[in-house]
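Protein chains: 2
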Amino acid sequence: MTRKSGDASRSTIRDVAARAGVSASTVSRVLGGVYPVSAATRGRVMRAVRDLDYVADARAKAIAGVGTPTLAFVLEDITGPSFAHMAHGVEREATRLGHLCLVCSTEGDVRHELEFVEMMRAQRAAAVILVGGTADTPEYRERTHRMADSLASAGSRLVLCGRPPLDPGAPVTVIEYDNEGGAYTLVAHVLAQGHRRVLFLGGRADHTTALGRERGYLAAHRARGLTPDPSLLLHGDFTRDAGHRLMQQALKDGLEFTAVVAATDMVAAGALTALHEAGLTVPGDVSLAGYDDIPFARDLHPALTTVHVPYEELGRLAVRTALERTPGAADEHLLLGTHVVVRDSVGPPPSRSPR
Amino acid sequence: MTRKSGDASRSTIRDVAARAGVSASTVSRVLGGVYPVSAATRGRVMRAVRDLDYVADARAKAIAGVGTPTLAFVLEDITGPSFAHMAHGVEREATRLGHLCLVCSTEGDVRHELEFVEMMRAQRAAAVILVGGTADTPEYRERTHRMADSLASAGSRLVLCGRPPLDPGAPVTVIEYDNEGGAYTLVAHVLAQGHRRVLFLGGRADHTTALGRERGYLAAHRARGLTPDPSLLLHGDFTRDAGHRLMQQALKDGLEFTAVVAATDMVAAGALTALHEAGLTVPGDVSLAGYDDIPFARDLHPALTTVHVPYEELGRLAVRTALERTPGAADEHLLLGTHVVVRDSVGPPPSRSPR
DNA sequence: AACGCCGTAGCAACCGGTTCCCATCACGGA
DNA sequence: TCCGTGATGGGAACCGGTTGCTACGGCGTT
Numbered sequence: 001m002t003r004k005s006g007d008a009s010r011s012t013i014r015d016v017a018a019r020a021g022v023s024a025s026t027v028s029r030v031l032g033g034v035y036p037v038s039a040a041t042r043g044r045v046m047r048a049v050r051d052l053d054y055v056a057d058a059r060a061k062a063i064a065g066v067g068t069p070t071l072a073f074v075l076e077d078i079t080g081p082s083f084a085h086m087a088h089g090v091e092r093e094a095t096r097l098g099h100l101c102l103v104c105s106t107e108g109d110v111r112h113e114l115e116f117v118e119m120m121r122a123q124r125a126a127a128v129i130l131v132g133g134t135a136d137t138p139e140y141r142e143r144t145h146r147m148a149d150s151l152a153s154a155g156s157r158l159v160l161c162g163r164p165p166l167d168p169g170a171p172v173t174v175i176e177y178d179n180e181g182g183a184y185t186l187v188a189h190v191l192a193q194g195h196r197r198v199l200f201l202g203g204r205a206d207h208t209t210a211l212g213r214e215r216g217y218l219a220a221h222r223a224r225g226l227t228p229d230p231s232l233l234l235h236g237d238f239t240r241d242a243g244h245r246l247m248q249q250a251l252k253d254g255l256e257f258t259a260v261v262a263a264t265d266m267v268a269a270g271a272l273t274a275l276h277e278a279g280l281t282v283p284g285d286v287s288l289a290g291y292d293d294i295p296f297a298r299d300l301h302p303a304l305t306t307v308h309v310p311y312e313e314l315g316r317l318a319v320r321t322a323l324e325r326t327p328g329a330a331d332e333h334l335l336l337g338t339h340v341v342v343r344d345s346v347g348p349p350p351s352r353s354p355r
Numbered sequence: 001m002t003r004k005s006g007d008a009s010r011s012t013i014r015d016v017a018a019r020a021g022v023s024a025s026t027v028s029r030v031l032g033g034v035y036p037v038s039a040a041t042r043g044r045v046m047r048a049v050r051d052l053d054y055v056a057d058a059r060a061k062a063i064a065g066v067g068t069p070t071l072a073f074v075l076e077d078i079t080g081p082s083f084a085h086m087a088h089g090v091e092r093e094a095t096r097l098g099h100l101c102l103v104c105s106t107e108g109d110v111r112h113e114l115e116f117v118e119m120m121r122a123q124r125a126a127a128v129i130l131v132g133g134t135a136d137t138p139e140y141r142e143r144t145h146r147m148a149d150s151l152a153s154a155g156s157r158l159v160l161c162g163r164p165p166l167d168p169g170a171p172v173t174v175i176e177y178d179n180e181g182g183a184y185t186l187v188a189h190v191l192a193q194g195h196r197r198v199l200f201l202g203g204r205a206d207h208t209t210a211l212g213r214e215r216g217y218l219a220a221h222r223a224r225g226l227t228p229d230p231s232l233l234l235h236g237d238f239t240r241d242a243g244h245r246l247m248q249q250a251l252k253d254g255l256e257f258t259a260v261v262a263a264t265d266m267v268a269a270g271a272l273t274a275l276h277e278a279g280l281t282v283p284g285d286v287s288l289a290g291y292d293d294i295p296f297a298r299d300l301h302p303a304l305t306t307v308h309v310p311y312e313e314l315g316r317l318a319v320r321t322a323l324e325r326t327p328g329a330a331d332e333h334l335l336l337g338t339h340v341v342v343r344d345s346v347g348p349p350p351s352r353s354p355r
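This is how it looks when you write it as structure tokens:
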């Protein structure tokens with residue numbers, strides 16, 4: 001095999017042209033493939049290309065209007081399993097449609113988010129996908145509306161994926177999944193087993209994801225004519241550590257409950273461990289349910305009853321909807337369904353008095 | 001607030017110049033910040049910039065040599081927890097150093113990998129980070145060596161992260177972690193409990209990650225003067241489903257063992273569920289250990305004894321080493337240490353005869 | 001044999017920026 | 001009053017590509 005020794009400086013189209021004894025335009029046309037070029041010339045050019053190991057500069061092509069388009073993906077932390085699945089969906093669909101995929105994690109910092117969106121505008125990204133719930137404040141809507149306008153005026157498109165929609169009029173594509181409905185069905189299932197004091201181990205108090213699931217929790221109670229004890233709503237964040245800590249605290253405080261519905265499977269995992277540590281059995285002493293249906297849920301012991309969310313599909317849809325959109329069309333707003341996955345962690349309450 | 005109505009076509013530096021009544025060079029200088037410009041002119045320019053919501057095209061800047069550099073990250077599937085943590089480390093360090101971060105998942109397809117690396121060469125990425133073990137064949141070394149040369153000649157740099165090193169001479173940075181050492185210590189710990197028939201639930205048979213861990217398994221046996229029964233080495237892939245299936249099969253086949261060492265925590269999770277389903281207790285009947293120390297490991301029941309791998313640090317180091325490298329310097333080859341995390345899933349073998 | 005057409009390749013303009021180099025202007029000192 | 005000088009801003013070349021338009025040469029046709 002011929003191995004080029006470190007040429008160090010990348011060669012330009014003019015270098016190739018010189019070596020092939022043709023003009024730069026001819027090289028461009030040979031590489032472009034459509035314009036008619038004689039076999040002899042094509043051969044000489046291809047030869048030179050191979051000799052120099054030449055690849056056209058994608059940035060230069062982009063500025064001339066013929067580049068590989070790019071698409072950006074902004075999330076808080078790719079480490080969370082549900083985010084990772086969305087990222088996977090986004091990435092797969094992006095490459096399927098011939099786009100490159102930029103990633104940025106904001107660590108929850110709004111300034112990072114703004115900076116990154118600005119960079120994406122500069123990059124002329126075809127679409128910017130903002131992922132994950134957040135606090136739905138007027139400030140959020142204002143700021144995000146501005147980002148949407150700003151991107152739109154640059155020919156790009158903002159996509160909100162699992163993130164609260166904006167006021168109508170914002171040039172934005174929204175893909176959501178049904179937090180409230182899933183939680184409603186799940187909690188209804190728990191209540192149907194006979195539980196009456198169900199602890200809700202929530203995520204961040206103002207976070208739309210947690211809030212939606214909390215609404216479902218409340219609605220399921222109301223549908224049965226029940227009003228849940230407000231002291232059964234606990235908040236933290238979405239990590240397994242939060243679930244663990246919250247559960248320990250709840251047990252220590254002597255809170256009375258026979259079932260726990262966690263805001264996410266991660267929280268449920270931590271809570272489960274805390275229950276085990278306290279010597280309680282699941283679902284014998286306490287029933288437990290999660291949300292997200294991450295792959296691990298079935299390996300908890302007992303296997304976790306939870307709500308399945310089509311995260312990967314969500315990601316795929318986000319990019320497809322954004323990229324296949326016809327510029328003049330109305331703004332899309334999709335809502336994906338979820339469904340409960342019944343496993344072994346929810347059973348009837350113990351016959352003795354609840355702890 | 002003033003909201004620009006959909007300008008549709010992004011404005012250029014000349015538009016700004018025209019509006020401010022100056023030349024394009026002046027706008028460039030105002031935005032650049034260093035060149036002396038009078039306060040009045042600067043004001044007019046900034047005004048025009050704001051009015052038009054102008055952002056300089058990053059691609060055009062890049063081609064002129066003053067762009068935000070980019071860095072690429074290629075992995076098989078971001079869905080795996082350990083990959084996700086590496087990705088997180090890479091992304092954080094990249095943005096810390098002011099780089100953009102492109103991602104691509106290959107789904108294990110070599111052609112995708114090649115295509116993507118070629119695209120990254122076209123993008124003039126500062127570095128391309130290839131992540132995760134693979135089959136270490138001559139073909140692999142050949143192909144990867146070519147990629148390294150090709151990238152090097154384009155001024156870019158290939159980084160192998162947790163992937164087998166190449167023959168000396170390839171312009172490549174290698175960051176590995178100690179698969180063999182971690183497995184050695186882990187298996188030594190298991191053997192010290194008195195186990196003599198330890199099942200190794202491996203990943204893909206030819207995969208360097210699995211192979212390294214397998215070597216540690218064997219070495220730990222040899223160090224005690226033991227020769228493990230070859231039929232105790234099982235192969236599949238790295239998913240929880242594989243672990244589940246393999247374990248079921250082993251039990252059905254009546255394989256005799258008192259402990260299981262899984263190639264990854266994911267595999268261990270599936271295996272654990274299969275053990276539970278078979279009515280076996282862990283570690284009472286069978287001990288179980290994993291590898292990777294993913295966050296979930298401590299929420300398995302019993303909490304999983306495993307080997308901690310500093311995945312995020314690995315990712316961070318990969319980008320730092322690649323980007324802070326002085327062009328002429330020798331090729332780096334880093335080997336990160338691992339350590340065993342003892343939890344509750346490994347205990348002494350049952351006193352009765354092994355199953 | 002002359003004409004015209006078609007296939008092929010080159011020139012130059014352009015994409016959207018940056019920056020070198022030079023012209024201009026105002027100002028202070030001699 | 002004249003000149004040197006430093007502060008500013010413009011013109012044009014350049015980064016590395018693409019592409020519209022044009023020119024040239026060889027071929028078939030009448």
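So the protein sequences, as listed, match chains A and B. Going by UniProt numbering, the first residue of the first sequence is number 1, and it counts up by one from there. Going by UniProt numbering, the first residue of the second sequence is number 1, and it counts up by one from there. Ideal Cβ positions, reconstructed from N, Cα and C, are used throughout, including at glycine.
Item to check | Residue nearest to D285 (chain B) in terms of C-alpha spacing, selected from B:A220, B:L201, B:P348, B:G315 | outcome: Of B:A220, B:L201, B:P348, B:G315, the residue nearest in Cα terms is B:P348.
Next on the checklist: In whole angstroms, give me the CA-to-CA distance for A40 (chain B) and V49 (chain B).
Outcome noted: The straight-line gap from Cα to Cα measures roughly 14 Å.
Item to check | H112 (chain B) (DSSP reduced to helix, strand or coil) | outcome: Here DSSP, grouped into helix, strand and coil, assigns H112 (chain B) to helix.
Next on the checklist: How far does the alpha helix (DSSP H) with V282 (chain A) in it extend, from its first residue to its last?
Outcome noted: Bounds of any alpha helix (DSSP H) do not take in V282 (chain A), whose DSSP letter is neither H nor E.
Item to check | Chain-ordered neighbours of R248 (chain A) on chain B, where CB pairs are closer than 9 Å | outcome: The sequence given here has Gln at residue 248 (chain A), not Arg. Q248 (chain A) does not reach chain B, its nearest Cβ partner there being about 14 Å away, counting only Cβ pairs nearer than 9 Å.
Checklist entry - Can the beta-carbon of G202 (chain A) be found less than 8 Å from the beta-carbon of L232 (chain A)? => result 8 Å or more divides the Cβ of G202 (chain A) from the Cβ of L232 (chain A).
Item to check | C-alpha gap between V16 (chain B) and A24 (chain B), whole angstroms | outcome: If you take the alpha carbons of V16 (chain B) and A24 (chain B), they lie about 8 Å apart.
Next on the checklist: Pop quiz: C161 (chain B) and L211 (chain B) are said to be a contact at Cβ under 8 Å. What is the actual Cβ separation, rounded to whole angstroms?
Outcome noted: Not a contact, Cβ separation roughly 17 Å.
Next on the checklist: In the DSSP output, which residue or residues are listed as bridge partners for Y177 (chain A)?
Outcome noted: Residue pairing from DSSP places Y177 (chain A) in a beta bridge opposite A:L336.
Item to check | Residues near P283 (chain A) in its chain [Cβ-Cβ closer than 6 Å; skip 5 each side] | outcome: Here the set comprises S345, V346, G347.
Checklist entry - In whole angstroms, what separates the C-alpha of P350 (chain B) from that of T185 (chain B)? => result Whole-angstrom Cα-Cα distance: 22 Å.
Checklist entry - Would DSSP call F238 (chain A) helix, strand or coil? => result F238 (chain A) falls in the coil class under three-state DSSP.
Item to check | Identity of the residue in A:T338, A:G328, A:L314, A:G337 nearest V159 (chain A) by Cα | outcome: Nearest C-alpha to V159 (chain A): A:L314.
Item to check | Reduced DSSP secondary structure (H/G/I, E/B, other) of L186 (chain A) | outcome: L186 (chain A): helix per DSSP, three-state reduction.
Item to check | Own chain residues within Cβ distance below 6 Å of I294 (chain A), not counting five before or after | outcome: P81, D265.
Checklist entry - Who are the near neighbours of P164 (chain A) in its chain, counting only those whose CB is closer than 6 Å to its CB and skipping five residues on each side? => result In the same chain as P164 (chain A), and ignoring 5 residues on each side of it, the C-beta atoms closer than 6 Å to its own belong to D136, T208, in chain order.
Checklist entry - For C161 (chain B), which residues in chain A fall below 9 Å Cβ to Cβ? => result Those within 9 Å of C161 (chain B) in chain A number zero; the least Cβ separation is about 16 Å.
Checklist entry - What is the DSSP secondary structure of F200 (chain A), reduced to helix, strand or coil? => result DSSP, read as helix, strand or coil, puts F200 (chain A) in strand.
Next on the checklist: Less than 8 Å between the beta carbons of H195 (chain A) and A259 (chain A), yes or no?
Outcome noted: A contact, by the Cβ cut-off of 8 Å.
Checklist entry - Should T95 (chain A) be flagged as near chain B, meaning a C-beta pair shorter than 8 Å? => result So, interface residue.
Checklist entry - If you check the beta carbons only, do F296 (chain B) and A263 (chain B) fall under 8 Å apart? => result Their beta carbons are not under 8 Å apart, which means F296 (chain B) does not touch A263 (chain B) by this criterion.
Checklist entry - Is the CB of H207 (chain B) under 8 Å away from at least one CB in chain A? => result No, because no Cβ of chain A sits closer than 8 Å to the Cβ of H207 (chain B).
Item to check | Whole alpha helix (DSSP H) elements within the segment 259 to 335 of chain A, 4-residue minimum | outcome: The segment 259 to 335 of chain A is shown to contain whole alpha helix (DSSP H) runs of 4 or more residues at 265 to 277, 311 to 323, in chain order.
Checklist entry - Closer than 8 Å, CB to CB, is F296 (chain B) near chain A or not? => result Yes, F296 (chain B) counts as interfacial toward chain A.
Next on the checklist: Short of 8 Å in beta carbon distance, which residues of its chain neighbour A303 (chain B), apart from the five on each side in sequence? Order them along the chain.
Outcome noted: Excluding sequence neighbours, A303 (chain B) sits near A297, R343, D344, S345.
Checklist entry - Nearest to T306 (chain B) by alpha carbon, out of B:R213, B:H145, B:M147, B:V30? => result B:R213 is the residue among B:R213, B:H145, B:M147, B:V30 whose C-alpha sits nearest the C-alpha of T306 (chain B).
Item to check | is_contact[G270 (chain B), chain A] using C-beta, thresh 8 Å | outcome: Yes, contact with chain A.
Checklist entry - Taking the alpha-carbon positions, what's the R19 (chain A) to G67 (chain B) distance? => result R19 (chain A) and G67 (chain B): Cα-Cα distance of roughly 29 Å.
Next on the checklist: What residue range does the beta strand (DSSP E) around A127 (chain A) cover?
Outcome noted: Annotation for A127 (chain A): the continuous beta strand (DSSP E) segment containing it runs 127 to 131.
Checklist entry - Is the CB of T79 (chain A) under 8 Å away from at least one CB in chain B? => result By this cut-off, T79 (chain A) is an interface position.
Checklist entry - At a Cβ cut of 9 Å, what residues of the segment 122 to 148 of chain B count as close to chain A, listed as they run along the chain? => result Of all residues in the segment 122 to 148 of chain B, the ones placed with a Cβ closer than 9 Å to any Cβ belonging to chain A are A122, Q123, R124, E142, H145, R146, in chain order.
Next on the checklist: Report the CB separation of T173 (chain B) from T321 (chain B) in whole angstroms; it is logged as a contact under 8 Å.
Outcome noted: Right, the Cβ-Cβ distance comes to about 5 Å (below 8 Å), so this counts as a contact.
Checklist entry - Helix, strand or coil: which one does DSSP assign to F83 (chain B)? => result Three-state result, F83 (chain B): helix.
Checklist entry - What's the gap between the Cα of A94 (chain A) and the Cα of R215 (chain B)? => result The straight-line gap from Cα to Cα measures roughly 39 Å.
Checklist entry - So what does DSSP say about R157 (chain A), is it helix, strand or coil? => result In this structure, R157 (chain A) counts as strand in the three-state DSSP scheme.
Item to check | Closest residue to S153 (chain B) among B:R121, B:E176, B:R44, B:E113 (Cα-Cα distance) | outcome: Taking only the C-alpha atoms, the option nearest S153 (chain B) is B:R121.
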